[in-house]
Amino acid sequence: MQKKSNFRFELLMDAGNGAQKAGDILIKAFAKKGVYVFIEPIIPAEISPPKRTPFSLSGAVIRLSDSDITNIGSFSDLVLVEHEILLERRLQDQEFTEGCTILLDLGSKKRAQDAYEAVEKKAADAGYNVVSFMISEEAEALIKSLNGNGKNMYYLGILACLFNVDKDFLISFIKQTFKKLPKDKLDSNIQIFEFGFNAQVMDEADSLLFEGITHKNEKVLLDGNTALALGVIDAGIRLYAGYPITPASSIMHSLARLLPAYGGVLHQAEDEISAIGTVIGSYFAGVPAITATSGPGLSLKQEFIGLSVASEIPCIVVDVQRGGPSTGLPTRTEQTDLFAAAYGSHGDGPKVVISVANVDDCFYVPHVARYIAEVCRLPVIILSDYMISVSYRVVDKLKQSKLDDVRKIDDFVLDHFYMNRLSDSIEMVKENQNSPGIPDQMRRVTGLNTGSSGAIEYSADSNHRAHEVRSKKIHAVRHALKMPERFGSDSGDLLLVGWGSSRGAIEEAVQSLVNDGVDVGGLHFKMVYPLPLNLTDIFQSYKHVVTVEMAYGDSLKATPFSMMLRSETLCDVQGLICEAKGRPIKPIYLIEKAQAFLKEVQHA
Amino acid sequence: MQKKSNFRFELLMDAGNGAQKAGDILIKAFAKKGVYVFIEPIIPAEISPPKRTPFSLSGAVIRLSDSDITNIGSFSDLVLVEHEILLERRLQDQEFTEGCTILLDLGSKKRAQDAYEAVEKKAADAGYNVVSFMISEEAEALIKSLNGNGKNMYYLGILACLFNVDKDFLISFIKQTFKKLPKDKLDSNIQIFEFGFNAQVMDEADSLLFEGITHKNEKVLLDGNTALALGVIDAGIRLYAGYPITPASSIMHSLARLLPAYGGVLHQAEDEISAIGTVIGSYFAGVPAITATSGPGLSLKQEFIGLSVASEIPCIVVDVQRGGPSTGLPTRTEQTDLFAAAYGSHGDGPKVVISVANVDDCFYVPHVARYIAEVCRLPVIILSDYMISVSYRVVDKLKQSKLDDVRKIDDFVLDHFYMNRLSDSIEMVKENQNSPGIPDQMRRVTGLNTGSSGAIEYSADSNHRAHEVRSKKIHAVRHALKMPERFGSDSGDLLLVGWGSSRGAIEEAVQSLVNDGVDVGGLHFKMVYPLPLNLTDIFQSYKHVVTVEMAYGDSLKATPFSMMLRSETLCDVQGLICEAKGRPIKPIYLIEKAQAFLKEVQHA
Amino acid sequence: MPNSDVVNPVTMKDLKSSDPRWCTGCGDYTILVGLRKFMVQNQIFRENTVNISGIGCSGRIPHYMNTYGIHSIHGRAIPIALGIALAKPELKLFIHSGDGDSLSIGGNHLLHGIKKNFNCVYLLFDNQIYGLTKSQTSPTTRQGLPTPSHPSGAMIEPINPISFALGAGASFVATTAEWMGNHFVETLDAAFKHPGFSFVHIAQRCPKFNPSAWNFQDSSWLTFLVDEQAGIAADSKSAPDAKVQSYSPHSYENAMAISKDVPNVFGLVYKAEKPMYDKLVLDATKNQKQKDLDDLLNDYII
Amino acid sequence: MPNSDVVNPVTMKDLKSSDPRWCTGCGDYTILVGLRKFMVQNQIFRENTVNISGIGCSGRIPHYMNTYGIHSIHGRAIPIALGIALAKPELKLFIHSGDGDSLSIGGNHLLHGIKKNFNCVYLLFDNQIYGLTKSQTSPTTRQGLPTPSHPSGAMIEPINPISFALGAGASFVATTAEWMGNHFVETLDAAFKHPGFSFVHIAQRCPKFNPSAWNFQDSSWLTFLVDEQAGIAADSKSAPDAKVQSYSPHSYENAMAISKDVPNVFGLVYKAEKPMYDKLVLDATKNQKQKDLDDLLNDYII
Ligand SMILES: Cc1ncc(C[n+]2csc(CCOP(=O)(O)OP(=O)(O)O)c2C)c(N)n1
Ligand SMILES: Cc1ncc(C[n+]2csc(CCOP(=O)(O)OP(=O)(O)O)c2C)c(N)n1
Ligand code: SF4
Ligand code: SF4
Ligand SMILES: [Mg+2]
Ligand SMILES: [Mg+2]
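Residue numbers (our numbering), protein chains in the order written: chain A, 133 to 736; chain F, 133 to 736; chain S, 101 to 402; chain P, 101 to 402.
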């Protein structure tokens with residue numbers, strides 16, 4: 133039995149075979165024991181791709197630790213995989229650690245002898261330790277009786293045994309998960325699990341032990357989209373309008389279940405344009421509202437975002453970024469909607485863009501978005517991404533705000549976004565900002581230019597004034613921004629700057645580099661537009677400043693965030709990581725890149 | 133009689149009373165005589181605003197010169213105005229020169245004695261020379277018989293006499309313009325004109341003489357949108373799909389008349405989204421196509437622009453910018469769609485953005501847009517603006533290209549846009565780029581990510597490769613770009629940088645400053661995304677670099693183009709003119725600002 | 101807060117805000133006045149009324165009504181109105197939209213607005229032309245009419261707004277003309293009283309760009325559909341030479357059949373009680389057992 | 101260039117490209133095979149065929165047909181198809197679109213595509229659900245069906261695609277089911293032969309997310325509409341227990357009346373000759389006296 137304090141493993145199966153469900157059950161058990169977990173599902177692009185093809189790769193990557201973890205990490209130490217095709221496919225991603233143990237089910241070897249041998253050789257050549265096994269005959273019989281279902285329970289059994297999880301403890305989670313299953317089916321599933329548990333695929337000596345800690349605080353297990361949906365409710369938003377799109381849809385699904393129970397309304401619109409229109413209508417009538425979408429939907433909403441700016445009707449838009457452009461890679465991650473969010477609507481339409489990095493951010497971002505949107509009366513865009521939206525994490529049970537009057541937003545929420553309270557005297561283009569129902573305050577709003585009375589005006593001065601007033605709202609937000617907390621050194625050779633979901637990787641990479649004696653700092657932004665003042669001062673404390681973005685860049689093309697920072701600070705900010713490969717940034721990759729960069733500039 | 137070589141005047145009437153028509157007739161006569169003209173109509177925001185209100189201000193600002201003029205200039209030397217309300221309204225814009233002569237029709241004075249006196253006093257106080265007059269009784273009677281129409285002909289008569297235009301010569305233009313009018317009505321119009329001509333509103337001594345030159349070349353009189361429509365045909369584009377929107381609509385109107393006669397097709401779509409879809413469909417089938425719109429339409433097209441990028445189906449979008457955000461100021465000018473054009477679509481969708489500054493650019497931009505769009509297989513966005521679209525100018529008859537095979541585009545067209553020929557070996561994401569109808573080359577395109585075979589691919593490497601290939605297309609354009617010609621000094625104290633319609637004002641201001649011994653240069657871009665390489669070298673030849681943009685900016689907010697330049701060059705490029713007042717930039721204002729700027733930095 | 105409901109009856113004057121800026125003779129003036137008249141007759145309070153529009157000459161109405169209002173973007177008034185309906189169901193909503201705004205760019209929202217049958221009065225200002233952008237072909241432009249976008253005549257037969265609305269599943273479809281004052285106000289009245297999405301097609305004069313669209317000086321070409329119980333009375337004062345046809349608005353088949361005669365028939369074409377989306381959604385929330393915010397995270401605790 | 105028109109007849113194999121990746125039992129497979137069969141029967145050449153789709157499970161069809169194809173963006177296949185039709189009218193166009201793609205986000209284009217009546221075959225894959233995004237309510241989802249976006253059941257009655265198409269002025273409206281092989285191919289055949297926008301509604305199975313939508317194992321619930329001259333024959337092989345009703349597809353009133361029985365009736369619902377926008381536009385150009393490019397600027401010379 134080997135004691136572990138940090139471990140990553142993955143379970144890979146054909147889509148539809150329940151790998152994620154098995155992973156869920158397992159991590160719940162871990163989490164309950166006090167182990168920190170981070171789980172990233174691998175989801176195929178098709179609904180049910182044909183089995184035994186590379187497209188069918190589905191599964192869960194799970195990272196365990198006895199201290200808090202912020203990201204999925206770099207490499208897996210162990211893999212349990214259903215058949216040779218999935219292994220072959222996943223080997224390409226080069227995410228296995230040296231000496232990684234691969235548990236390979238030989239169930240399909242009969243019909244693919246050569247392919248099996250080829251992949252086994254490939255894995256061995258790469259230095260991995262392939263351990264093959266077969267599902268026991270009794271288990272196979274039970275699986276057959278379940279029409280081919282249940283293999284995931286066998287695998288779960290193997291893993292549970294491997295991690296020395298108490299069998300009955302784990303069975304209680306199986307029961308909880310499958311509580312809607314008829315008793316006989318449930319029993320078969322449990323039996324299969326037990327067969328797996330007892331299969332002795334690995335020697336006991338090789339089994340692993342995670343000693344959980346006893347948490348002081350209650351813990352919750354949440355993925356980003358669920359956290360965001362719960363945050364919407366806690367933030368007092370009472371209308372959600374949306375149109376389905378991967379990876380934003382699950383926000384709608386959660387709210388469809390939850391909102392009515394909290395007095396709110398869920399509206400599925402005919403398209404993304406309509407959805408944001410309904411949000412604006414609701415806000416005009418005085419009810420805080422939100423919509424969520426992904427890239428293509430953001431493009432469609434641009435015209436209405438402009439109306440929100442001009443008419444000073446608040447609105448909140450969540451954009452869960454995916455791989456792009458166009459339909460792109462709906463189930464891969466990227467950070468390339470930054471400009472579309474900040475600058476996408478025609479004309480000069482100042483707005484605020486906030487990004488999220490993790491489950492906590494997702495829960496609190498609706499609060500701060502609502503606060504800014506309502507106090508400044510403008511659109512606020514929240515940038516999440518595929519990776520954040522689907523990754524689960526165990527966190528302290530989140531402190532609720534139960535926000536009602538936005539002016540009374542909790543300090544700890546503002547702090548979380550490195551923000552002070554906004555000034556009470558932000559000027560509006562239009563003086564009267566009342567909602568329907570209030571007598572003697574009737575008013576009309578429009579997307580045309582207006583003066584302070586709200587009446588249409590075409591004069592040069594009123595147009596300029598309107599631009600100025602709107603821009604100054606953003607400046608007011610800017611003045612309220614504090615500098616985000618920094619990781620690592622306060623000055624030195626290199627500053628890694630990022631936003632959104634790169635936070636965990638930056639934090640971990642900086643930590644590790646600093647431990648190795650490298651003089652590096654990390655700065656991560658939640659608010660991405662506007663940026664806090666005095667950035668230049670901070671940048672100048674480092675010899676070099678680089679960004680970490682999941683976006684393409686090269687020597688002739690600055691990545692979006694680096695472009696913003698270059699313009700803002702006139703420092704030669706380069707993209708250190710400017711790759712758009714659809715997968716989250718590995719801390720180890722970041723460390724290597726940083727080291728290589730420093731070596732290069734030191735030699736230059 | 134005073135000889136003039138440079139003069140600006142304006143005719144202001146209630147909307148619907150034919151001020152622009154009168155202006156058109158007059159400038160045609162001037163142009164025929166060899167005088168250079170530049171005319172900017174003043175168009176009210178409503179269709180037929182109530183007469184005798186400030187909203188009813190309509191008219192034509194006309195600049196005359198005996199050498200080529202590039203912009204409308206700064207101030208008017210003479211104004212002919214129908215009544216006191218319009219004068220009052222127009223005085224606010226502060227566009228009259230000191231000592232400007234104001235010919236004020238007293239026809240409405242009976243009913244507005246006080247208002248008249250007030251405005252006459254105001255004008256006199258401002259140092260203007262108010263000359264009032266009354267339409268003769270015979271003319272009034274004729275106007276009555278025409279149901280109130282024809283007053284513009286009287287004014288035309290006054291102006292023609294004032295400018296010493298030959299009466300019969302001018303009448304020939306009236307006849308040409310009103311050729312569809314019944315004979316008796318035409319005759320009445322001519323008679324009214326003659327009454328005006330003979331009215332002797334001004335002394336003969338005060339009359340003006342423009343001695344036209346005899347042009348060597350044939351000349352054409354064109355506004356920007358008409359030039360663009362003609363350019364579309366000359367560039368071999370054979371399908372236009374669009375949805376009406378001010379100020380882009382007149383491109384569609386021209387093409388609706390013209391395209392069918394040149395074998396093309398005009399399609400009015402149900403909305404802007406559909407219009408660009410039809411352009412993409414046409415291009416996929418092998419027929420070059422274009423759409424034109426304004427800000428709100430650009431926002432709606434963003435999703436399809438992304439499809440054009442990803443599927444590598446070319447498309448060309450014209451955006452005639454107006455005041456924004458949202459519906460904004462549809463009949464005012466602004467340069468604030470730059471970011472929406474370059475970065476508006478979600479994801480990372482590299483495309484090319486070309487701007488136009490004048491009638492010549494408008495005519496040739498479809499050629500170069502087609503060339504780039506087809507050689508690189510990506511979307512090209514053309515940025516014009518309200519000011520360019522409606523302003524008329526006399527230019528040498530444009531040399532036609534009659535473009536068919538884009539690879540054979542004329543050098544002079546590329547030169548016009550400071551561009552070399554593109555490399556012949558630009559890599560595409562997809563190898564097969566054939567059009568339907570070609571046997572054995574069948575292919576499918578998609579907005580999803582693909583490899584070089586065109587098949588959908590989700591792997592990290594293929595996504596990164598696709599981003600890289602698309603970005604490199606832009607780099608290929610970049611490598612083909614030459615530095616635009618510079619005005620004024622090649623190095624020195626200050627460089628004024630602009631794009632789009634600010635060209636004329638920059639050129640004139642730099643000329644004037646250089647004449648005054650100020651060490652300033654001007655650099656104006658047609659291609660705005662990407663920018664040519666080695667900009668930094670040029671910027672570093674000047675102590676200061678500033679931009680001239682019709683866009684709001686302040687100390688906390690860089691104007692869009694200055695932001696691009698800052699990021700690109702890391703030079704501290706500031707907005708010298710960062711105003712969004714809806715009116716074109718006056719050369720004189722630019723001169724003053726430049727002088728003030730230099731004074732300030734020299735004292736600092 | 102003054103209790104305006106009791107103290108101050110709504111007057112025509114109360115409903116005025118800024119001065120309209122349409123062309124002389126534009127039917128939009130008549131619609132504006134008709135709407136005010138209707139509000140006064142029904143004593144609908146200004147603060148509880150929202151006029152919502154897209155873009156077009158028609159889109160200017162909200163500016164001229166001293167109620168709450170949104171002059172939004174082209175073709176998108178319906179989604180906004182729905183947001184208001186779901187947020188504050190007690191408000192009275194009037195949506196104003198041109199033929200282009202409704203049936204060209206806004207067609208999808210109209211389909212779904214009609215289908216959702218949420219509570220509002222929808223006024224389609226049909227001048228058979230794009231007014232504000234100066235005379236391009238609209239989806240209801242008569243085939244053959246030369247316009248700047250189709251100089252040799254509009255290409256195809258117009259969309260029939262009535263068949264469209266019926267095909268989309270409308271619960272209330274009426275057609276009227278702004279120059280027939282009584283008929284217009286009565287139509288608004290019936291539309292307002294109908295629970296759901298009340299689709300009102302209005303023949304509207306555009307003397308500036310499409311004077312030939314509606315022959316308002318003659319009335320011999322038009323037929324009133326009347327039904328003693330449910331319909332809208334004929335307006336013999338405004339249209340003395342009109343024919344009158346007895347017609348029951350309760351039959352879908354009748355309605356589809358008569359829709360062929362649009363735009364020559366005026367009156368209530370169809371009316372049926374249908375479930376209303378806004379009510380269904382709000383009732384679902386109302387009937388749901390409400391949870392305590394403190395329990396929000398309980399299901400996720402491990 | 102090989103003269104493929106003469107030498108190589110199109111075979112089923114020719115039409116295959118990459119392997120489909122739908123769920124087992126998905127009706128999209130049957131549509132794919134039916135489409136290929138129809139192309140082989142009619143010997144439609146691959147290079148002259150363009151399959152155009154939006155986004156959805158249905159949207160994948162173009163990838164699997166070895167013709168030209170565009171898998172475009174959600175709801176927008178029609179504008180693209182129209183561009184192709186105007187650019188190269190000799191091409192054969194098949195548009196593939198799901199119920200969400202067609203009737204939710206794409207409703208406006210569908211309205212205008214139908215109205216323009218340009219030449220194409222439009223296949224509406226109706227599985228009454230959003231397949232690709234995993235099971236949200238679509239505009240044709242049966243009222244009451246619980247979905248992730250409406251856990252307590254879809255709120256409103258579905259849109260009736262047939263009434264919608266008829267209301268929009270369609271010239272050809274048919275309804276079929278993918279599991280009725282012969283009926284399906286015959287319907288495609290009739291649609292293809294009809295000049296104009298041929299609207300084909302297809303009942304499509306989605307075993308993954310909406311297995312209860314279509315009861316394909318029984319056929320007693322369905323009725324074939326048949327007409328000896330113009331209709332599509334009943335498919336007694338695929339639907340042995342189906343009723344057969346004699347029906348003339350030439351009457352608009354009939355069509356509107358029968359549309360109430362959708363989705364239980366199958367066959368040709370309506371067919372009429374109507375002017376085609378693509379033809380009108382292209383003819384206008386053809387009939388216009390062509391000008392010399394050299395004269396382009398002449399009108400502007402001063
Ligand atoms: C997205 C967008 N596209 C186009 C326009 C330009 N536009 C304004 S109103 C209008 C159509 C007006 O016609 P209609 O809806 O019939 O209204 P009317 O003016 O006739 O009342 C158009 C195309 C716009 N404002 N926004
Ligand atoms: C603009 C945009 N919005 C949303 C989506 C997400 N999306 C993809 S397919 C689809 C609906 C699929 O349903 P349907 O059209 O019925 O096709 P099916 O999958 O059932 O064949 C949606 C909402 C998208 N790709 N683009
Ligand atoms: S253009 Fe027509 S619709 Fe618009 S205001 Fe003038 S008359 Fe009325
Ligand atoms: S989800 Fe439904 S429609 Fe999509 S592939 Fe699977 S069975 Fe077919
Ligand atoms: Mg209209
Ligand atoms: Mg579907």
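Where is the CB? At the ideal position from N, CA and C, for every residue including glycine.
{"Item": "Going by C-alpha to C-alpha distance, which of A/F162, A/L144 and A/F187 sits closest to P/R121?", "Value": "A/F187"}
{"Item": "Taking 9 Å as the threshold (C-beta atoms), are S/F264 and S/H294 in contact?", "Value": "no"}
{"Item": "DSSP on S/N282, reduced to helix/strand/coil?", "Value": "helix"}
{"Item": "For P/M165 and P/L210, I'd like the C-alpha separation in whole angstroms.", "Value": "23 Å"}
{"Item": "How big is the Cα-Cα spacing for A/T202 and A/P376?", "Value": "28 Å"}
{"Item": "Which whole-angstrom value is the C-beta distance of S/R146 and S/L186, which I expect to be below 8 Å?", "Value": "Not a contact, Cβ separation roughly 22 Å."}
{"Item": "Go ahead and label P/P109 buried or exposed: buried means 16 or more other beta carbons lie within 10 angstroms of its beta carbon, across all protein chains shown.", "Value": "exposed"}
{"Item": "Could you name the residues of the same chain whose beta carbon sits closer than 8 Å to that of P/M101, not counting the 5 residues immediately before and after it, in chain order?", "Value": "In this predicted model, P/M101 has a pLDDT of only 41, less than 50, meaning its place in the structure is not dependable enough to derive any value."}
{"Item": "Between the alpha carbons of A/F471 and A/V545, how many angstroms are there, rounded?", "Value": "26 Å"}
{"Item": "Measuring only between beta-carbons, confirm whether F/L302 sits less than 9 Å from chain P.", "Value": "no"}
{"Item": "Can you list, in chain order, the residues of the segment 288 to 316 of chain P whose Cβ is nearer than 9 Å to any Cβ on chain S?", "Value": "none"}
{"Item": "Considering just the uninterrupted stretch of the beta strand (DSSP E) at A/G239, what are its terminal residues?", "Value": "Run containing A/G239: none; DSSP gives neither H nor E here."}
{"Item": "Suppose you measure from the CA of A/I588 to the CA of P/D201; what does that come to, to the nearest Å?", "Value": "38 Å"}
{"Item": "Closer than 9 Å by beta-carbon distance: list the chain S residues that pair up with F/A192, in chain order.", "Value": "Under the 9 Å cutoff, chain S gives no residues; its nearest Cβ is about 18 Å from F/A192."}
{"Item": "Cβ closer than 8 Å: which chain S residues qualify as neighbours of A/E402?", "Value": "N208, H209, L211 and H212"}
{"Item": "Rounded to a whole number of angstroms, what is the C-alpha to C-alpha distance between A/P420 and A/I369?", "Value": "5 Å"}
{"Item": "On the three-pair Cβ rule with 8 Å, is the segment 280 to 299 of chain A touching the segment 218 to 231 of chain A?", "Value": "no"}
{"Item": "Determine the closest residue to F/R509 out of F/F495, F/G460, F/V733 and F/N564, with distance taken between C-alpha atoms.", "Value": "F/N564"}
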